[in-house]
Amino acid sequence: SQQGEEDPQALSIQEGENATMNCSYKTSINNLQWYRQNSGRGLVHLILIRSNEREKHSGRLRVTLDTSKKSSSLLITASRAADTASYFCATDAYSGAGSYQLTFGKGTKLSVIP
Amino acid sequence: GAGVSQTPSNKVTEKGKYVELRCDPISGHTALYWYRQSLGQGPEFLIYFQGTGAADDSGLPNDRFFAVRPEGSVSTLKIQRTERGDSAVYLCASSLGTSGLNEQFFGPGTRLTVL
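Residue numbers (this note's numbering), protein chains in the order written: chain A, 278 to 391; chain B, 15 to 129.
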C-alpha cells in the first residue's frame, strides 16, 4: 500500500522558475527521503531528512518536514530542463522485521520547459 | 564503482510461464530490497534480505513469488505461473546496512510484460 501522496500529480513550469512539490503521509516515520526518476531510468536518491529535522538543503534543493502535519515539501530553485522527471517521497519506518523498507507515494511528474 | 545492476532490462513472457529476474547489488552492501512499480505508481516493497536470509517478505503478493540470495550478494526474484497483472517494472535496491539512515541505491529495473 502507498503511504505517501504527492501533490500536485503533475507540474509544468518554465526554466528558471522554482518548483514546489508536497508529500503527505499517514503513519509515524523514522525519516523521509525524496527520489527522482527519469523516464526509463532507475530511482536516484536526492535527499534524506530525519524525523527530528525541520529543514534541509542540498544545492538547489530544499526540503522541509512537518511531523505534526505529517507532510513534507521539496523545493527546486532555478529549475533546468534536466530537472524534468518524476519525483517521489518515501517514508522509512522500521518494519519490526529488521528492515527499513521504503514506502513511496505516487509521485509528481515535473516538466521544465526550456 | 559499479552501481546496482539488473538483468534482463526487459522480459516478455506468456501467461503461465516461469521467470527469473536477477539483481547484482553494490559490492559490500549487506541489505538488498526488491520493489515493484506499476505504471503511474510509486514502487511498492516486496522483500528484504539482510545477508543471505529473507528478513522481511511481507510485501510478496502471493506464493507465486519467491526470492533467494544464496551467497549474500546476487539475488534472484522468481515468479511462477505468471499472470498479466504481474506486468510491472521490478526494482532492486541495496544499502550498506539497515540503520534507517543508509541510502538505498536502486538499479535500473527489469520491465516484465506478461502477454
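Quick reminder that beta carbons are idealized off the backbone N, C-alpha and C, glycines included.
Tell whether a beta-carbon distance below 8 angstroms holds between residue i and residue j.
i, j, result
"M298 (chain A)", "L338 (chain A)", "no"
"G86 (chain B)", "Q20 (chain B)", "no"
"R98 (chain B)", "N24 (chain B)", "no"
"G42 (chain B)", "E58 (chain B)", "no"
"H334 (chain A)", "E117 (chain B)", "no"
"R313 (chain A)", "A362 (chain A)", "yes"
"Q94 (chain B)", "R83 (chain B)", "no"
"G56 (chain B)", "G382 (chain A)", "yes"
"G17 (chain B)", "F119 (chain B)", "yes"
Thinking residue i and residue j are a contact (beta carbons under 8 angstroms), I'd like their distance in whole angstroms, please.
i, j, result
"T44 (chain B)", "Q64 (chain B)", "6 angstroms"
"L105 (chain B)", "Y32 (chain B)", "Contact flag wrong, Cβ pair sits at about 20 angstroms."
To which residues does DSSP link residue i through a beta bridge?
i, result
"V128 (chain B)", "B:T27"
"K92 (chain B)", "B:E34 and B:F80"
"A287 (chain A)", "A:K386"
"V340 (chain A)", "A:K333 and A:L351"
"G121 (chain B)", "Note: G121 (chain B) sits in no beta bridge, so no partner."
"Q55 (chain B)", "None; Q55 (chain B) has no bridge partner."
"E104 (chain B)", "In the sequence as presented, Glu is not what sits at residue 104 (chain B); that position holds Tyr. Beta-bridge pairing links Y104 (chain B) to B:R50 and B:T124."
"Q310 (chain A)", "A:L325 and A:A367"
"D70 (chain B)", "B:Y62"
Closest Cβ-Cβ distance between residue i and chain A: below 8 angstroms?
i, result
"G123 (chain B)", "yes"
"L105 (chain B)", "yes"
"G56 (chain B)", "yes"
"D144 (chain B)", "Beyond the ends of chain B as shown, which are 15 and 129, falls residue 144 (chain B); an answer cannot be given."
"F79 (chain B)", "no"
"Q94 (chain B)", "no"
"T127 (chain B)", "no"
"Y47 (chain B)", "yes"
"E97 (chain B)", "no"
"E85 (chain B)", "no"
"E117 (chain B)", "yes"
Tell me which same chain residues have a C-beta within less than 7 angstroms of the C-beta of residue i, skipping the five on either side of it?
i, result
"P22 (chain B)", "T124"
"S101 (chain B)", "L126, T127 and V128"
"S278 (chain A)", "Only weak support exists for where S278 (chain A) lies, its pLDDT of 48 falling under 50; the value from the coordinates is given anyway. The answer is none, since no qualifying residue turns up."
"N308 (chain A)", "L325, I326, R327, S328 and D369"
"N315 (chain A)", "A362"
"G384 (chain A)", "E283, S363, Y364 and F365"
"L342 (chain A)", "L309, I326, E330, R331 and S349"
"I353 (chain A)", "N295, A296, R337, L338 and D360"
By Cβ distance, which residues of its chain are closer than 8 angstroms to residue i, with the 5 residues on each side in sequence left out?
i, result
"E292 (chain A)", "S356, R357, A358, V389, I390 and P391"
"I290 (chain A)", "A296, S356, L387, S388, V389 and I390"
"L379 (chain A)", "Q310, A367, T368 and D369"
Any beta-carbon of chain B closer than 8 angstroms to the one on residue i?
i, result
"Q291 (chain A)", "no"
"G382 (chain A)", "yes"
"L387 (chain A)", "no"
"I319 (chain A)", "The sequence shown places Gly at residue 319 (chain A), rather than the Ile named in the question. Yes, its Cβ sits closer than 8 angstroms to a Cβ of chain B."
"L379 (chain A)", "yes"
"H334 (chain A)", "no"
"L325 (chain A)", "yes"
CB-CB under 6 angstroms to residue i, same chain, minus the five flanking residues each way: which ones, in chain order?
i, result
"E28 (chain B)", "L129"
"E34 (chain B)", "T90 and K92"
"D38 (chain B)", "S19 and V88"
"Y62 (chain B)", "Y47, A69 and D70"
"F80 (chain B)", "K92"
"V103 (chain B)", "Q51, G123 and R125"
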